[in-house]
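A.B. asks:
Residue numbers (my numbering): 1181 to 1456.
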């Protein structure tokens, strides 16, 4: 099922500008899919994220979410309840001083009955592994924990899709791991459609598909391993590749016949042991 359709979309921030940030883009996101988006700074990733949930509308073309056109002002809130957006800095999304109060904020604004709000908050916090922190002061949490609370706040509104715009950019490695594990679990176990924008290549390995953007266009689209095999293209865009993928590439260049589908350290260790 096509969940989001981007049809011939171009976007510019000013009608007077000739500089389009998104250029004639076509894209389909399937329901339940995990799609990662990577690309250099200024490639249009964050702009595309905002187009997905009608924070912005195309200058040309259409974005369709579950049959709803983001241009339709009568459907704006339905679209935003369907597609939730998580930003880089969790502090900009947390509005209450206590964890469970923050998660309840969205459903309260939707006019949900109190009993249902309590159940939604409990379910959302359990889904992101933060239920034991429900009575904690938000300012005492780590960066990764805050981001998980921000995600829980969206889950309490029962979205079918979560768009994450570089959600780990301000986090340490532990926080990054907490967030990507949470997102992967929500996709695999809850069937939530995930669109994940990142500069960290290792965070894309669980995705079904990676889109590589440059200059407002999609220049490459494939599974993670097939995308990362295009090392020279990615390097030309100033993008990194997972270390084990690059190591396999370099070993093959030196005549060592290593499997080029290797992504993880464990896979590389097993491969080298077999060669030896």
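In this text, a Cβ means the ideal position worked out from N, Cα and C, and glycines have one as well. None of the values given here were measured: they were computed from a predicted structure.
Determine, using beta carbons only, whether residue 1304 and residue 1284 come nearer to each other than 7 Å.
C.D. replies: On the chain shown, residue 1304 is found 124 positions in, with the first residue counted as 1. On the chain shown, residue 1284 is found 104 positions in, with the first residue counted as 1. Not closer than 7 Å, so no.
A.B. asks: Quick check on DSSP: helix, strand or coil for residue 1252?
C.D. replies: Residue mapping note: residue 1252 aligns to position 72 of the chain shown, counting from 1. Reduced to three states, the DSSP call for residue 1252 is coil.
A.B. asks: Whole angstroms are fine: how far does the CA of residue 1233 sit from the CA of residue 1338?
C.D. replies: By 1-based counting over the chain shown, the position of residue 1338 is 158. By 1-based counting over the chain shown, the position of residue 1233 is 53. Spanning the two alpha carbons is a distance of roughly 14 Å.
A.B. asks: Any idea which residues DSSP pairs residue 1264 with across the strands?
C.D. replies: One-based indexing of the chain shown puts residue 1264 at position 84. DSSP output for residue 1264 lists 1342 as bridge partner(s).
A.B. asks: Taking 7 Å as the threshold (C-beta atoms), are residue 1330 and residue 1374 in contact?
C.D. replies: Taking the first residue of the chain shown as 1, we reach residue 1374 at position 194. Taking the first residue of the chain shown as 1, we reach residue 1330 at position 150. Result no, Cβ atoms of residue 1374 and residue 1330 do not sit closer than 7 Å.
A.B. asks: Label residue 1435 either buried or exposed according to how many other C-beta atoms from any shown protein chain fall within 10 Å of its C-beta, with 16 as the threshold for buried.
C.D. replies: By 1-based counting over the chain shown, the position of residue 1435 is 255. Residue 1435 comes out exposed.
A.B. asks: When the Cα atoms are used, what is the spatial distance from residue 1242 to residue 1349?
C.D. replies: Numbered from 1 along the chain shown, position 62 holds the residue referred to as residue 1242. Numbered from 1 along the chain shown, position 169 holds the residue referred to as residue 1349. Distance between the alpha carbons of residue 1242 and residue 1349: 29 Å.
A.B. asks: In its own chain, which residues sit with a C-beta less than 7 Å from the C-beta of residue 1246, not counting the 5 before and 5 after it?
C.D. replies: In the chain shown, counting from the first residue as 1, residue 1246 sits at position 66. Same-chain partners within the cutoff: 1183 and 1262.
A.B. asks: Below 8 Å, how does it come out for the stretch 1199 to 1217 and the stretch 1308 to 1323: are there three or more Cβ pairs, yes or no?
C.D. replies: They do not touch, by the three-pair rule.
A.B. asks: Does DSSP classify residue 1410 as helix, strand or coil?
C.D. replies: One-based indexing of the chain shown puts residue 1410 at position 230. DSSP places residue 1410 in coil when its eight states are reduced to three.
A.B. asks: What residue range does the beta strand (DSSP E) around residue 1387 cover?
C.D. replies: The residue labelled residue 1387 in the question sits at position 207 within the chain shown. From DSSP, residue 1387 is part of no beta strand (DSSP E); its letter is neither H nor E.
A.B. asks: Please name the residue in 1368, 1279 and 1344 whose C-alpha comes closest to that of residue 1218.
C.D. replies: Numbered from 1 along the chain shown, position 38 holds the residue referred to as residue 1218. Considering only alpha carbons, the answer is 1344.
A.B. asks: Since residue 1317 is in the alpha helix (DSSP H), which residue starts that stretch and which ends it?
C.D. replies: Within the chain shown, the letter at position 137 stands for residue 1317. First-last for residue 1317: undefined, no H or E at that position.
A.B. asks: Label residue 1415 either buried or exposed according to how many other C-beta atoms from any shown protein chain fall within 10 Å of its C-beta, with 16 as the threshold for buried.
C.D. replies: Within the chain shown, residue 1415 is the residue found at index 235, counting from 1. It counts as exposed.
A.B. asks: What residues match up with residue 1393 in a beta bridge as DSSP calls it?
C.D. replies: Here residue 1393 is taken as the residue at index 213 of the chain shown, counted from 1. In the DSSP output, where bridge partners are listed per residue, residue 1393 has 1398.
A.B. asks: Nearest-angstrom Cα distance between residue 1208 and residue 1185?
C.D. replies: The residue given as residue 1208 occupies position 28 in the chain shown. The residue given as residue 1185 occupies position 5 in the chain shown. Straight-line Cα distance between these residues: approximately 5 Å.
A.B. asks: When the distance is taken between beta carbons, is residue 1359 closer than 7 Å to residue 1325?
C.D. replies: What you label residue 1325 is simply residue 145 of the chain shown in a count that begins at 1. What you label residue 1359 is simply residue 179 of the chain shown in a count that begins at 1. Their beta carbons are not under 7 Å apart, which means residue 1325 does not touch residue 1359 by this criterion.
A.B. asks: Where do the N-terminal and C-terminal ends of the beta strand (DSSP E) with residue 1286 fall, by residue?
C.D. replies: What you label residue 1286 is simply residue 106 of the chain shown in a count that begins at 1. Here residue 1286 belongs to no beta strand (DSSP E); instead the alpha helix (DSSP H) covers 1279 to 1289.
A.B. asks: Can you tell me the Cβ-Cβ gap for residue 1273 and residue 1346, rounded? I've got them flagged as a contact below 8 Å.
C.D. replies: On the chain shown, residue 1273 is found 93 positions in, with the first residue counted as 1. On the chain shown, residue 1346 is found 166 positions in, with the first residue counted as 1. At roughly 13 Å, the Cβ-Cβ gap does not stay under 8 Å, so residue 1273 and residue 1346 are not in contact.
A.B. asks: Tell me which same chain residues have a C-beta within less than 6 Å of the C-beta of residue 1223, skipping the five on either side of it?
C.D. replies: As a working mapping, residue 1223 is identified with position 43 in the chain shown. Excluding sequence neighbours, residue 1223 sits near 1393 and 1394.
A.B. asks: Assuming residue 1248 and residue 1191 are in contact, meaning their beta carbons sit under 8 Å apart, how far apart are those beta carbons, in whole angstroms?
C.D. replies: Reading the chain shown from its first residue, position 68 is the one you call residue 1248. Reading the chain shown from its first residue, position 11 is the one you call residue 1191. With a Cβ gap of about 18 Å, residue 1248 and residue 1191 do not count as contacting.
A.B. asks: Going by DSSP in three states, residue 1182 sits in which element: helix, strand or coil?
C.D. replies: Taking the chain shown and counting its residues from 1, the one referred to as residue 1182 is at position 2. In the structure shown, residue 1182 sits in a strand (DSSP, three-state: E or B).
A.B. asks: Out of 1226, 1181, 1198 and 1187, which one is the CA nearest neighbour of residue 1379?
C.D. replies: For this step, residue 1379 is matched to residue 199 along the chain shown. The candidate whose alpha carbon is nearest that of residue 1379 is 1226.
A.B. asks: For the beta strand (DSSP E) holding residue 1376, just list the boundary residues, first then last.
C.D. replies: Within the chain shown, the letter at position 196 stands for residue 1376. Note, residue 1376: beta strand (DSSP E), 1373 to 1377.
A.B. asks: Can you tell me the Cβ-Cβ gap for residue 1390 and residue 1382, rounded? I've got them flagged as a contact below 8 Å.
C.D. replies: The residue given as residue 1390 occupies position 210 in the chain shown. The residue given as residue 1382 occupies position 202 in the chain shown. Contact doesn't hold; Cβ gap of about 12 Å is too wide.
A.B. asks: Measuring only between beta-carbons, confirm whether residue 1252 sits less than 7 Å from chain E.
C.D. replies: The structure shown contains no chain E, having only a single protein chain.
A.B. asks: Which whole-angstrom value describes the C-beta separation of residue 1162 and residue 1384, a residue pair presumed to lie in contact below a C-beta threshold of 8 Å?
C.D. replies: Here the chain comprises residues numbered 1181 to 1456, so residue 1162 is not present and cannot be evaluated.
A.B. asks: Give the DSSP bridge partners of residue 1242, in chain order.
C.D. replies: As a first step, residue 1242 is located in the chain shown; it is residue number 62 there, counting from the start. Answer is 1187, bridged to residue 1242.
A.B. asks: Exposed or buried, what is residue 1317 when buried is set at 16 or more other beta-carbons lying within 10 Å of its beta-carbon?
C.D. replies: Here residue 1317 corresponds to residue number 137 of the chain shown, with the count starting at 1. Answer is exposed; the Cβ neighbour count stays below 16.
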